[in-house]
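Take a look at the structure below.
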Amino acid sequence: MRAMGLAALEMLIDHVAAPRGDAPVSANGAAAAAHLRVQPVPTAPADDPVALLNELHPLLREGNAHPDHPGFLAFVPSPGTFPGVLGAALATGFAVPTGWRLTGPAASAIESAAVGWLVELLGLTEGTSGLFVPGGSLANLTALAAARDARAGTEAHAATAYVSDQTHFSVPRALHVLGLHTDRVRTLPSDRAQRLAVGPLAERVARDRRRGLRPFLVVATAGTTATGAVDPLPELARFCREEGLWLHVDGAYGAPAALTRRGRRALAGLELADSLTVDAHKWLFQPAETSCVLLREPAHLRRAFGVELPSYLAADDEADGDGVAGDGVDYLQWGVQQTREFRALRLWLSLRTFGADAFRSAIDRGLDTAEEIARHIEDSPGLALVTGPALAVVTFRALPLSL
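For the sequence shown, the UniProt record's numbering begins at 1 and goes up steadily by one.
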């Protein structure tokens, strides 16, 4: 065990510490991986577990794309910090239970602390809270379930939601899981800046009300996947407040920009959302599946997901609070999962190791890099900007070659 564990740790350290500027970015292991699909079930123990790791190493190194490569600029996932990687390993190795605070009081406290730090760093309103979940798709699903119960109530059969043509595909999929038929999800065209405009939204909501439907939800995006566009959050929040609609903001990619001055300006109105999705595995540099869903009124999570627990889990259930500092939280009552990985430890350990200023500087560097790339594109005769820079996303195209 010790030899295998130390070998795996050395492999990780070598991978993280080694300069990889000349190494390939994209996957190159399709042929090498083909035989893995037809391997027989291993029935005997490996002769040498360390040799098994050595066999695995080139598959990990060369058989997959590397978001942690300095030249990986195509998509938004980011490399995980080494403390985040260690946090994931420690949480798994110690088998930390996080659903029920009676068996995981320290884990519950650390998760509440990490959520509180995130709320403060993003400039959200006091009392906002939530929980860590495995990915932005589940974060969106969790928030939208709370929205449905809070705003649609007994009229769920007529519940109608509004998204834009730039909304991430996980949102309509989550609405489908929640029972909304596709004809109750209104996809509105974005404007020339790829943003959800209030005017067409207001017209469609009014039309649906006249038809006897129950508008309940608007989904905005803070940093679209395709172009980095940020929907007009203050205007949308004002409209939703006047109309009694829930405003969910999918900030999976873009929300962490609020750590910086430039990002805070670009994301003005983020604090007005009823709920927010944040993927720490994107612009907060954590391992994959480190997401957080935040609600301005976290009691809605308990109302949406709380159940009467069986007697073996019901101890001290009445004391469950809303997740603000000082309260214990049974997170199994706040979301879909009962058995939960201790994801909060990744961000908690990373922030304790580096401090928030390091993350702020890294995000600022991403914003600077996008602006620099845009300038290079504008100065290049064979290229043309399409959009951007918006947050840290720049899109461009190649111009036809002159004959």
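Where is the CB? At the ideal position from N, CA and C, for every residue including glycine.
Note that the coordinates shown come from a computational prediction; the quantities given were computed from them, not determined experimentally.
The beta strand (DSSP E) runs lying completely inside the segment 259-300 and spanning 3 residues or more are 275-279 and 291-295, given in chain order.
Annotated as proximal: S350 and P83, with beta-carbon spacing under 9 Å.
For D250, the uninterrupted beta strand (DSSP E) run begins and ends at W246 to D250, by DSSP. Using a Cβ distance threshold of 9 Å, A304 and A113 do not count as a contacting pair. A distance below 7 Å between beta-carbons, with the five flanking residues on each side excluded, links L121 to the following residues of its chain, in chain order: L259 and A356. Looking at the DSSP output, S164 shares a beta bridge with L188.
In chain order, T128 place their CB closer than 6 Å to the CB of V119, counting only its own chain and leaving out the 5 sequence neighbours on each side. For S129, the pairing in a beta bridge is given by DSSP as L295.
Per DSSP, R207 is one residue of the alpha helix (DSSP H) stretching across V198 to R210.
Distance between I13 and A91, taken at the CA atoms: about 19 Å. Excluding its 5 nearest sequence neighbours in each direction, T225 has C-beta neighbours in its own chain below 7 Å: V76, H168 and Y253, listed in chain order.
Relative to the Cα of G223, the nearest Cα in the group V278, G306 and R238 belongs to V278. A266 and V230 have their C-alpha atoms spaced approximately 7 Å apart. The C-alpha of L247 lies about 22 Å from the C-alpha of A390. Within its own chain, the residues whose Cβ lies closer than 8 Å to the Cβ of R262, once the five positions on either side in sequence are excluded, are D364 and L367, listed in chain order. Between G388 and T160, the gap from beta carbon to beta carbon reaches 9 Å or more. Remark: C-beta atoms of V133 and R296 do not approach each other more closely than 9 Å.
Scanning its chain for C-beta atoms nearer than 7 Å, with the 5 sequence neighbours on each side dropped, one finds around V96 the residues G104, A107 and F342, in chain order.
In this model, P200 and S164 are separated by some 11 Å (Cα to Cα).
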